[in-house]
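Enquirer: Here's a structure for you.
In this note's numbering, the protein residues as written are 1208 to 1499.
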């Protein structure tokens, strides 16, 4: 808070930080400026909005003060030292928030200015003997309903060949997300892998999938390593990655993506299945012949 003086004209400048308001503010429903008087007086005071917020209260003078809008919310009080007085500054703060400003500079000016009277003065953040006497700006607002990001996951990613080696996947390899306000999201920043499961045990008996005890490793918030492995007698292995995507407003959504290690080489499933069935039938006929 700063003050300027020219003859009988006094102005009080205040600066408030608006970055404490959440990004989800939809509408300012009320804003009340409250000051504590330090001297008795009777006069009308209105509140204007400064044209910029670059002023410093320690160096502010009449010559260096910013231009400001015509004061409104004019209130005629009989001020009593130590009492608190309020101004409705809803329109002024709503305008600053709508403009996306980080600070709000307000100026209290006598209406009309130049009237000879006992000028009131107010406690500042530094001069107030207690926190209760400091200037306050109480802002009430409504928040817009946040729409969570939309996640798009395609067909299961194919992991081939089943050579028992590790393969690294990032969330960006498996899905994409778009937010109604933020647009396309960077999943490396907005995503988080929650869990990964496999449709098969890590190690089956015998040599059906390879002698490995661990087939899944989450190596980062959005990165997982999967082993290229499956039961060659089964129907293929499916890894399911469960993840969360959050937008800048705190809205989030969970989704899953799949990585599949097929039983047969991609593109040859029909021929491979026919061969396998033929081989199985031949083995069955040979076993029946041996039992005769």
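Built from N, CA and C at the ideal position, the CB exists for glycine as well.
With DSSP run on the structure shown, which of helix, strand or coil describes residue 1225?
Expert: Position 18 of the chain shown, counted from the start, is the residue given in the question as residue 1225. Reduced to three states, the DSSP call for residue 1225 is coil.
Enquirer: Determine whether the beta carbon atoms of residue 1287 and residue 1247 lie at a separation below 9 Å.
Expert: Along the chain shown, one-based indexing puts residue 1287 at 80. Along the chain shown, one-based indexing puts residue 1247 at 40. Yes. Within cutoff.
Enquirer: Count the CB pairs spanning the segment 1234–1249 and the segment 1299–1312 that are closer than 8 Å, and state whether there are at least three.
Expert: The segment 1234–1249 is in contact with the segment 1299–1312.
Enquirer: Locate the beta strand (DSSP E) running through residue 1359, then write down its first and last residues.
Expert: On the chain shown, residue 1359 is found 152 positions in, with the first residue counted as 1. Segment 1357–1360, the beta strand (DSSP E) holding residue 1359.
Enquirer: How would you call residue 1336, buried or exposed, if buried means at least 16 neighbouring beta carbons within 10 angstroms?
Expert: In the chain shown, residue 1336 corresponds to position 129, counting from 1. Residue 1336 is exposed by the Cβ-count criterion.
Enquirer: DSSP on residue 1315, reduced to helix/strand/coil?
Expert: For the purposes of this step, residue 1315 is taken as the residue at position 108 of the chain shown. The answer is strand: DSSP assigns residue 1315 an E or B state.
Enquirer: Sorted by chain position, which residues of the same chain lie with C-beta nearer than 6 Å to residue 1489's C-beta, five sequence neighbours on each side aside?
Expert: Taking the chain shown and counting its residues from 1, the one referred to as residue 1489 is at position 282. Because residue 1489 sits at a pLDDT of 49, beneath the cut-off of 50, its placement in the model cannot be relied upon, and the following sentence gives the value as read from the coordinates. Closer than 6 Å at the Cβ level, and outside the excluded window around residue 1489, lies no residue.
Enquirer: Verify whether the separation of the beta carbon atoms of residue 1402 and residue 1452 is less than 9 Å.
Expert: As a position in the chain shown, residue 1402 is number 195, starting the count at 1. As a position in the chain shown, residue 1452 is number 245, starting the count at 1. No, they are not a contact pair.
Enquirer: Just grab the DSSP bridge partners of residue 1391 for me.
Expert: To locate residue 1391, count along the chain shown from 1; it is residue 184. In the DSSP output, where bridge partners are listed per residue, residue 1391 has 1385.
Enquirer: According to DSSP, is residue 1304 part of a helix, a strand, or is it coil?
Expert: The sequence position of residue 1304 within the chain shown is 97, counting from 1. Residue state, collapsed to three classes: helix.
Enquirer: Can you tell me whether residue 1463 is helix, strand or coil according to DSSP?
Expert: For this step, residue 1463 is matched to residue 256 along the chain shown. Note: residue 1463 maps to strand in three-state DSSP.
Enquirer: Quick one: residues in its chain with C-beta nearer than 6 Å to the C-beta of residue 1330, no 5 flanking neighbours on either side, listed in chain order?
Expert: To locate residue 1330, count along the chain shown from 1; it is residue 123. 1243, 1245, 1340.
Enquirer: Under the rule that 16 or more other beta-carbon atoms within 10 Å means buried, what is residue 1249, buried or exposed?
Expert: Position 42 of the chain shown, counted from the first residue, corresponds to residue 1249. Residue 1249 should be labelled exposed.
Enquirer: Just how far apart, CA to CA, sit residue 1344 and residue 1285?
Expert: Numbered from its first residue, the chain shown carries residue 1344 at position 137. Numbered from its first residue, the chain shown carries residue 1285 at position 78. The straight-line gap from Cα to Cα measures roughly 21 Å.
Enquirer: Taking residue 1222 as the reference, which of 1263, 1396, 1430, 1228 has the closest Cα?
Expert: By one-based count along the chain shown, residue 1222 stands at place 15. Taking only the C-alpha atoms, the option nearest residue 1222 is 1263.
Enquirer: Helix, strand or coil for residue 1291? Go by DSSP, reduced to three states.
Expert: As a working mapping, residue 1291 is identified with position 84 in the chain shown. Residue 1291: strand per DSSP, three-state reduction.
Enquirer: How many angstroms separate the CA atom of residue 1473 from the CA atom of residue 1443?
Expert: Looking up residue 1473 in the chain shown gives position 266. Looking up residue 1443 in the chain shown gives position 236. Taking the straight line from one Cα to the other gives about 11 Å.
Enquirer: Using three-state DSSP, classify residue 1298 as helix, strand or coil.
Expert: Translated into positions along the chain shown, residue 1298 becomes position 91. The answer is helix: DSSP assigns residue 1298 an H, G or I state.
Enquirer: Use the C-beta contact count for residue 1316: other C-beta atoms within 10 angstroms, 16 or more gives buried, fewer gives exposed.
Expert: In the chain shown, the residue the question calls residue 1316 occupies position 109. So residue 1316 ends up on the buried side.
Enquirer: So what does residue 1399 bridge to, in DSSP terms?
Expert: Here residue 1399 refers to the residue found at position 192 of the chain shown. BP columns for residue 1399 point to 1451.
Enquirer: Which runs of the alpha helix (DSSP H) spanning at least 4 residues fall entirely within the segment 1252–1290, listed in chain order?
Expert: Here no run is fully enclosed.
Enquirer: Answer yes if the segment 1454–1474 comes into contact with the segment 1376–1383, meaning at least three C-beta pairs across the two stretches below 8 Å, and no otherwise.
Expert: The segment 1376–1383 vs the segment 1454–1474: in contact.
Enquirer: In the DSSP assignment, find the beta strand (DSSP E) that holds residue 1344 and state where it starts and stops.
Expert: By 1-based counting over the chain shown, the position of residue 1344 is 137. Element bounds for residue 1344: 1343–1350.
Enquirer: Specify the secondary structure class of residue 1338 as computed by DSSP and reduced to three states.
Expert: As a working mapping, residue 1338 is identified with position 131 in the chain shown. DSSP places residue 1338 in helix when its eight states are reduced to three.
Enquirer: Here's a check: name, in chain order, each residue in its chain whose Cβ is nearer than 8 Å to the Cβ of residue 1394, leaving out the five neighbours to either side.
Expert: The sequence position of residue 1394 within the chain shown is 187, counting from 1. Around residue 1394: 1377, 1378, 1379, 1382, 1383, 1384, 1429, 1452.
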